[in-house]
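Read in order, the letters of the sequence shown correspond to residues 1 to 143 in UniProt numbering.
Note that the Cβ used here is the ideal one computed from N, Cα and C, for glycine as well.
Please read these numbers as outputs of a predicted model, since none were measured by experiment.
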Amino acid sequence: MFKGPDQDIEFIYTAPSTAVCGQPLDTGGKKEYLIAGKSEGNGKMHITLCDLVATWDSLSPTQKKSLNQRYQMGCECKISRCLSIPCFVSSSDECLWTDWAMEKIVGGRQAKHYACIKRSDGSCAWYRGMAPPKQEFLDIEDP
1 MFKGPDQDIE
11 FIYTAPSTAV
21 CGQPLDTGGK
31 KEYLIAGKSE
41 GNGKMHITLC
51 DLVATWDSLS
61 PTQKKSLNQR
71 YQMGCECKIS
81 RCLSIPCFVS
91 SSDECLWTDW
101 AMEKIVGGRQ
111 AKHYACIKRS
121 DGSCAWYRGM
131 APPKQEFLDI
141 EDP
């Protein structure tokens, strides 16, 4: 477990079908998942179609590396969804997520290869790659 309660999650609950926002999972024990949902704090977790659920094998190398290193750099950033073009951010601490508007999929290029991180000036920006951001990227000032 990367982040969550100290105790193990024993049960994961979801609706019976995607028609009612259920999340289909292979319960045969052969697949590992990355699951982000709502923890009840008593060994139970609830997930819906709105939560991030992906098989570990389907994650890109950038996503796997970002779980331990990159995503925590963006905890104070807000990711705003862009559902159709044009769209804009309303403050400098936002990153605009455009996979749906550009590719019509949730897990597109941006989700697989970028992380929204906070820079030295307090603004947030998309960072691509697995290597740590260079100081020049963190210190950049937008015009």
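As the crow flies, the alpha-carbon of Lys104 is around 12 Å from that of Arg81.
Here DSSP, grouped into helix, strand and coil, assigns Leu67 to helix. If you look at Ala36, you'll find it in the beta strand (DSSP E) that goes 33 to 36. The continuous alpha helix (DSSP H) containing Lys112 extends over residues 109 to 113.
Judged by beta-carbon spacing, Tyr33 lies beyond the 8 Å limit of Thr62, meaning their Cβ atoms are not closer than that value. In the DSSP assignment, Trp100 is bridged to no other residue.
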